[in-house]
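Colleague: Quick one: this structure, given as structure tokens, is what I'll be asking you about.
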Amino acid sequence: MPDALRLYFKYIALSMRGQMQYRASMVMTAFGLFFNIGIEFVAVWALFARFGEIRGWHLADVAMLYGMINMSFALSEAVGRGFDTFDRW
Amino acid sequence: MIESLTPYGAILSARFRTLLQYRAAAIAGLTTQVFWGWIRVMIFEAFYLSSASEQPINLADVITYIWLGQALFRFIPWDVEKDIQQMIRDGNVAYEMLRPVDVYWLWFSRVAAMRLAPTMLRAVPMAAMAVLFFGMTLPPSWSAFGAWCLATCGAVVLACAITTCVTITLMWTVSGLGITRLLPGIVMALSGMSIPIPLLPDALQPILLALPFAGLIDMPFRLYLGNLPPNAVWWTLAIQGAWSLAFIALGRWLWSRGSRRLVVQGG
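These protein sequence lines are chains A and B, in that order. So for the first sequence, my numbering puts the first residue at 1; every next one is plus one. So for the second sequence, my numbering puts the first residue at 1001; every next one is plus one.
Below you can see the structure in the form of structure tokens.
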């Protein structure tokens, strides 16, 4: 188990360094993700602007949920997503 | 004239037949599409049921709009042609340039096959299911249906022109980054795919309808619904045509610039 964990962190470091090789592309990827999530949120905002509220839920409540879901999704991707590409390293 | 079009037609039909092989993928995609469609219908239902105020488009129309979108989802220009992307990455694009045809139209044909084949596989079963079980309605009149058919043809040309153009930008951003990363968000939001355009802020309507993306989804769908009168099809075709020409011109210009500075290494 400790060995496996050590290997796992080695892979993470390797992946980080690999991505840092193409710094511009890393920045663009990050910006792209940010942009796409942001534009999705604009859609949510547009619906609330049109309808006001949804059974007592306001934009702020939904924004909170939206943020939490996106954060947890991003974190789980960061921790677990790499497994299916490990063999390529 | 006809003869000079044959190679492009051949590529189109060959790619078409290749892509039609992926039936399992189509069925899996269909299931996903139904699932997402359902969720989106529930979201709009919740909004409409919690508000009494008059909306520019009614709930029944929104539901049909959503299922129509689920059925035609694959022809929206939100991604690039994967084979061309691979060719640009590994240098096989050099072979493509050796072919005695105009590379722009060759790629346009590849893109057309990639946009149309999966759509043809999915659209009809998806729409049939939606009409039978999920509350999608048929167009109110034959003229609405005809207008929608015409506008859909315009939308397909526009979608292919945009996709080809974006695919050519990969000549600069080889690994498939850059503009292709931004494309899904832009296209989904501005075409009406995520939210029907009439429900977006009123102040933005004229801008949204003048941009190229409304011609992909929103205008054809509203012709189908009768939300736009059938004679609005001419205006729709004019906008789609103008933007298609602009994207074709831009794509050809990008290709001529990109192919001049192309360096393929190795052998």
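Glycine is no exception: its CB is placed at the ideal position from the N, C-alpha and C atoms. Since the model is a prediction, treat every value here as computed from it, not as a measurement.
Using a Cβ-Cβ distance cut-off of 8 Å, determine whether residue 1089(B) contacts chain A.
Modeller: The residue labelled residue 1089(B) in the question sits at position 89 within the second sequence. No, its Cβ sits nowhere closer than 8 Å to a Cβ of chain A.
Colleague: Figure out for me which residue from 55(A), 34(A) and 50(A) has the closest Cα to the Cα of residue 67(A).
Modeller: As a first step, residue 67(A) is located in the first sequence; it is residue number 67 there, counting from the start. Comparing Cα positions, the closest option is 34(A).
Colleague: If you draw a straight line from the C-alpha of residue 1072(B) to the C-alpha of residue 5(A), how long is it?
Modeller: For the purposes of this step, residue 1072(B) is taken as residue 72 along the second sequence, with counting starting at 1. For the purposes of this step, residue 5(A) is taken as residue 5 along the first sequence, with counting starting at 1. So the two alpha carbons sit approximately 45 Å from each other.
Colleague: Helix, strand or coil: how does DSSP classify residue 57(A) here?
Modeller: In the first sequence, residue 57(A) corresponds to position 57, counting from 1. Note: residue 57(A) maps to strand in three-state DSSP.
Colleague: Consider the Cβ of residue 1063(B): report whether some Cβ of chain A lies at a distance smaller than 8 Å.
Modeller: The residue you call residue 1063(B) lines up with position 63 of the second sequence. It does not; no Cβ of chain A falls within 8 Å.
Colleague: Of all Cβ atoms in chain B, is any one closer than 8 Å to the Cβ of residue 18(A)?
Modeller: Residue 18(A) sits at position 18 when you count from the first residue of the first sequence. Not an interface residue.
Colleague: Which stretch, first to last residue, makes up the alpha helix (DSSP H) that contains residue 24(A)?
Modeller: As a working mapping, residue 24(A) is identified with position 24 in the first sequence. Note, residue 24(A): alpha helix (DSSP H), 23 to 51.
Colleague: Helix, strand or coil for residue 1045(B)? Go by DSSP, reduced to three states.
Modeller: The residue labelled residue 1045(B) in the question sits at position 45 within the second sequence. It is helical.
Colleague: Return the residues of the stretch 47 to 75 of chain A that lie within a Cβ-Cβ distance of less than 8 Å from chain B, sorted by chain order.
Modeller: Answer set for the stretch 47 to 75 of chain A: 47, 49, 50, 51, 52, 53, 54 and 55.
Colleague: So, are the CB atoms of residue 1080(B) and residue 1180(B) less than 8 Å apart?
Modeller: Translated into positions along the second sequence, residue 1080(B) becomes position 80. Translated into positions along the second sequence, residue 1180(B) becomes position 180. It is a contact, given that the beta carbons lie within the stated cut-off.
Colleague: For residue 79(A), which three-state DSSP category applies?
Modeller: As a position in the first sequence, residue 79(A) is number 79, starting the count at 1. Helix, per DSSP.
Colleague: With a threshold of 8 Å between beta-carbons, can residue 1185(B) be considered close to chain A, or not?
Modeller: Locating residue 1185(B) in the second sequence gives position 185, where the first residue counts as 1. At least one chain A Cβ lies under 8 Å of residue 1185(B).
Colleague: Can you give, in chain order, each stretch of the beta strand (DSSP E) that sits fully within the stretch 1129 to 1207 of chain B and has at least 3 residues?
Modeller: Taking only runs of at least 3 residues, no beta strand (DSSP E) segment lies wholly in the stretch 1129 to 1207 of chain B.
Colleague: Over what stretch of residues does the alpha helix (DSSP H) that includes residue 3(A) continue unbroken?
Modeller: Here residue 3(A) corresponds to residue number 3 of the first sequence, with the count starting at 1. Element bounds for residue 3(A): 2 to 20.
Colleague: Verify the CB distance criterion: does residue 1195(B) have a CB-CB separation below 8 Å to chain A?
Modeller: Here residue 1195(B) refers to the residue found at position 195 of the second sequence. So, interface residue.
Colleague: Which full runs of the alpha helix (DSSP H) of 4+ residues lie inside the stretch 1046 to 1079 of chain B, going along the chain?
Modeller: Listed in chain order, they are 1059 to 1072.
Colleague: For the alpha helix (DSSP H) holding residue 1022(B), just list the boundary residues, first then last.
Modeller: As a first step, residue 1022(B) must be located in the second sequence, where it is residue number 22. Careful: residue 1022(B) lies outside any alpha helix (DSSP H) and carries neither H nor E.
Colleague: Drop a sphere of 10 angstroms on the beta-carbon of residue 69(A), count the other beta-carbons inside from all chains shown, and report buried for 16 or more, exposed for fewer.
Modeller: Here residue 69(A) is taken as the residue at index 69 of the first sequence, counted from 1. That one is exposed.
Colleague: Compute the distance between the beta-carbons of residue 1068(B) and residue 1158(B), then report whether it is under 8 Å.
Modeller: Here residue 1068(B) refers to the residue found at position 68 when the second sequence is read from its first residue. Here residue 1158(B) refers to the residue found at position 158 when the second sequence is read from its first residue. Contact: no.
Colleague: Measuring only the C-alpha atoms, how far is residue 1151(B) from residue 1047(B)?
Modeller: For the purposes of this step, residue 1151(B) is identified with residue 151 of the second sequence, where counting begins at 1. For the purposes of this step, residue 1047(B) is identified with residue 47 of the second sequence, where counting begins at 1. The alpha-carbon atoms of residue 1151(B) and residue 1047(B) are separated by roughly 29 Å.
Colleague: Compare the C-beta of residue 1211(B) against all C-beta atoms of chain A and say whether one is closer than 8 Å.
Modeller: Counting from one through the second sequence, the residue named residue 1211(B) turns up at place 211. Not closer than 8 Å to any Cβ of chain A, the Cβ of residue 1211(B) fails to qualify, so no.
Colleague: Measure from the alpha carbon of residue 79(A) to the alpha carbon of each residue in 2(A), 16(A), 3(A) and 1(A), then state which is nearest.
Modeller: As a first step, residue 79(A) is located in the first sequence; it is residue number 79 there, counting from the start. The shortest C-alpha separation from residue 79(A) is found at 16(A).
Colleague: What do you get for residue 1206(B), buried or exposed, if any count of 16 or more other CB atoms within 10 angstroms of its CB means buried?
Modeller: Indexing the second sequence from 1 puts residue 1206(B) at position 206. Classification of residue 1206(B): exposed, given that the 10 Å Cβ count is below 16.
Colleague: Pick from 73(A), 59(A) and 65(A): whose alpha carbon is nearest that of residue 45(A)?
Modeller: Within the first sequence, the letter at position 45 stands for residue 45(A). Comparing Cα positions, the closest option is 59(A).
Colleague: Buried or exposed for residue 1200(B), going by 16 or more other Cβ atoms inside 10 Å?
Modeller: Within the second sequence, residue 1200(B) is the residue found at index 200, counting from 1. Buried: at least 16 other Cβ atoms inside 10 Å.
Colleague: Specify the secondary structure class of residue 1102(B) as computed by DSSP and reduced to three states.
Modeller: If you number the second sequence from 1, residue 1102(B) lands on position 102. It is coil, neither helix nor strand.
Colleague: Given that a residue counts as buried once 16 or more other Cβ atoms are within 10 Å of its Cβ, and exposed if not, what is residue 20(A)?
Modeller: As a first step, residue 20(A) is located in the first sequence; it is residue number 20 there, counting from the start. Under this definition residue 20(A) is an exposed residue.
Colleague: Quick one: using the 10 Å Cβ neighbour count with 16 as the cut-off for buried, is residue 1133(B) buried or exposed?
Modeller: What you label residue 1133(B) is simply residue 133 of the second sequence in a count that begins at 1. By the neighbour-count rule (16 or more Cβ atoms within 10 Å), residue 1133(B) is not buried but exposed.
Colleague: Could you check whether residue 1108(B) and residue 1018(B) sit closer than 8 Å to each other, using their CB atoms as the reference points?
Modeller: As a working note, residue 1018(B) is residue 18 in the second sequence. As a working note, residue 1108(B) is residue 108 in the second sequence. Their beta carbons are not under 8 Å apart, which means residue 1018(B) does not touch residue 1108(B) by this criterion.
Colleague: Any C-beta of chain A sitting closer than 8 Å to the C-beta of residue 1077(B)?
Modeller: The residue given as residue 1077(B) occupies position 77 in the second sequence. Cβ-Cβ to chain A under 8 Å: no for residue 1077(B).
Colleague: Taking the straight line between their C-alpha atoms, what separation do you get for residue 1015(B) and residue 1221(B)?
Modeller: Working through the second sequence from its first residue, we reach residue 1015(B) at position 15. Working through the second sequence from its first residue, we reach residue 1221(B) at position 221. Rounded to the nearest angstrom, the two C-alpha atoms are 28 Å apart.
Colleague: Using 8 Å as the limit for Cβ to Cβ distance, is residue 1189(B) near chain A?
Modeller: To locate residue 1189(B), count along the second sequence from 1; it is residue 189. Yes, residue 1189(B) lies at the interface with chain A (some Cβ there is under 8 Å from its Cβ).
Colleague: In the DSSP assignment, find the alpha helix (DSSP H) that holds residue 1233(B) and state where it starts and stops.
Modeller: As a first step, residue 1233(B) must be located in the second sequence, where it is residue number 233. Unbroken alpha helix (DSSP H) run through residue 1233(B): 1233 to 1260.
Colleague: Give me the chain B residues within the contact set of residue 41(A), using Cβ-Cβ distance strictly less than 7 Å, ordered along the chain.
Modeller: Within the first sequence, residue 41(A) is the residue found at index 41, counting from 1. Near residue 41(A) there are no residues of chain B at all, since even the closest Cβ is about 10 Å away, more than 7 Å.
Colleague: I'd like the list of long-range same chain contacts for residue 1236(B), defined as Cβ closer than 6 Å, with 5 residues on each side in sequence excluded.
Modeller: For this step, residue 1236(B) is matched to residue 236 along the second sequence. The answer, listed in chain order, is 1151 and 1219.
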